[in-house]
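Note sheet for the following structure.
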Amino acid sequence: MKSSVPDIGSAQFPFLVCLTTQGMATEVILEYQTALFSREEAHFFASQWISLLQKLTCEPAVMNTLSTQFPSSLSFAPSVIANQGQQQTLPFATLRAWLDHQRNLTPEALALVDNNGMTLTYSDLMEQVARMEIFLSKQWKLSYGSVLAIYDHADRHAIIAILAMANRGICFVGLDMNYPDKLITHILTTAGIDAVMVDRANVASPLLTAQPELPLIPIDGYLQVTNWQPLPPDKAINADTLMYKVYTSGSTGLPKELAARHSLMLNIIQWQNGIGLDKPARTLQFTSLSFDISHQEICTTLCTGGTLLLLPPDFVVTIRLYCDLYKLSALSACIFPILFCNT
């Protein structure tokens, strides 16, 4: 194991384990904030994940069908995870199946409140997702295995696009409009992106026009789809299908690409349900779409009958403003990055 221990100012996340292939071997780079973890705790934590990965390598079916949970260890700090817990069979093999199930359960329940006040029920939302699937598949010829980026704020069009991509087996990459130009260019040139979805206000962005080989897709173009019928489910999609890619901060060098499969999100939903967070909640969509937590916010909310509330793009959340928003919007769930809690 290769261990990297930056000081607390340079480690973006409290604890990060990066695995990269080196020929026939796998290199494990461990980055953690030394103010939160001792060296012993950090190595213990990483060893648990390495052990799990070794088991999954020997029995790949575990990743496709089972949810592995880790209870806390009494011999370490509560944030350190220890022994492998009981395995639970996932109720659905794909995210689409879970979303369709929820739509059938609560078709008229409120699913999404856009940052302009527009609301969508579960029935409305899944209808728009179906239109987006047709738009991407038929008009833009994107299919299973394609990689599609979004250069836009988190509005209803972006959420609909992300769900449609998951339904068609298209891998999503988020481009945060507040990222440095150098980082966006790095992602555009290394993530294997086939096209970029963008709103009309940013279609002429020099960052995008500098990549003439990448088609630019209007993110609201699906609204023009008429006389449509939902596409049948893509039978190639399973728990092993890539769902999204994110990039690390680059605090230990160039930002590294991390890819997540459907199985990760299915396990997260199952895990939250297993610890009692399975009731409909009004959830603030707080994090950037380029950050993996945003998928947890979106999917865990919409797979449990909750309501996703989207913030205006220029809204800067502080603890004080969040408390006001909590009262005004009757929020019941919010997933904060640790950096926000440190401010």
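FYI, full-length UniProt numbering numbers position 68 of the sequence shown as 68, with every residue one higher than the one before it. We treat Cβ as the ideally placed atom computed from N, Cα and C, and that holds for glycine. Remember, predicted model here, so these are calculated numbers, not experimental data.
Beta-bridge pairing of residue i - partner residues as DSSP gives them
i: residue 246; result: 258
i: residue 15; result: 32
i: residue 195; result: 148
i: residue 173; result: 149 and 245
i: residue 121; result: 110
i: residue 309; result: 113 and 284
i: residue 333; result: 283
Nearest residue (CA-CA) to residue i, options the options
i: residue 290; options: 30, 191, 37 and 301; result: 191
i: residue 174; options: 189, 181 and 148; result: 148
i: residue 241; options: 144, 44, 219 and 257; result: 144
i: residue 301; options: 310, 314, 280 and 211; result: 280
i: residue 244; options: 179, 212, 111 and 264; result: 264
i: residue 169; options: 154, 142 and 329; result: 142
i: residue 226; options: 31, 36 and 135; result: 135
i: residue 96; options: 266, 314 and 278; result: 266
i: residue 236; options: 94, 28 and 33; result: 94
i: residue 98; options: 239, 116 and 180; result: 239
i: residue 310; options: 299, 303 and 283; result: 283
i: residue 229; options: 137, 17 and 329; result: 137
i: residue 197; options: 221, 186, 182 and 180; result: 221
i: residue 53; options: 17, 180 and 42; result: 17
i: residue 164; options: 27, 233, 333 and 278; result: 233
i: residue 278; options: 249, 315, 332 and 313; result: 332
i: residue 231; options: 27, 42, 32 and 130; result: 130
i: residue 247; options: 179, 212, 92 and 298; result: 179
i: residue 344; options: 112, 38 and 39; result: Lying before the first or after the last residue shown, residue 344 is absent from the chain, which here runs from 1 to 343.
i: residue 294; options: 330, 209, 172 and 201; result: 172
i: residue 100; options: 27, 303, 146 and 117; result: 303
i: residue 345; options: 212, 116, 28 and 15; result: This structure cannot speak to residue 345, because the chain is shown only from 1 to 343.
i: residue 27; options: 212, 50 and 92; result: 50
i: residue 249; options: 210, 292 and 212; result: 292
i: residue 146; options: 195, 117 and 116; result: 195
i: residue 315; options: 330, 116, 48 and 40; result: 116
Residue i vs residue j beta-carbon contact at 8 Å
i: residue 177; j: residue 151; result: yes
i: residue 199; j: residue 184; result: no
i: residue 217; j: residue 140; result: yes
i: residue 305; j: residue 102; result: yes
i: residue 110; j: residue 307; result: yes
i: residue 46; j: residue 30; result: yes
i: residue 296; j: residue 268; result: yes
i: residue 188; j: residue 214; result: yes
i: residue 155; j: residue 114; result: yes
i: residue 32; j: residue 42; result: yes
i: residue 313; j: residue 153; result: yes
i: residue 270; j: residue 90; result: yes
Entirely enclosed alpha helix (DSSP H) segments - the region 180-243, minimum 4 residues: Within the region 180-243, the complete alpha helix (DSSP H) runs of at least 4 residues fall at 181-190 and 206-209.
Are three or more beta carbon pairs between the region 104-113 and the region 121-132 nearer than 8 Å? A contact exists between the region 104-113 and the region 121-132.
Is the region 152-163 touching the region 272-283, taking contact as three or more C-beta pairs under 8 Å? Verdict: no, contact absent.
Tell me whether the region 194-206 and the region 251-265 touch, counting them as touching only if at least three CB pairs, one residue from each stretch, are closer than 8 Å. Verdict: no, contact absent.
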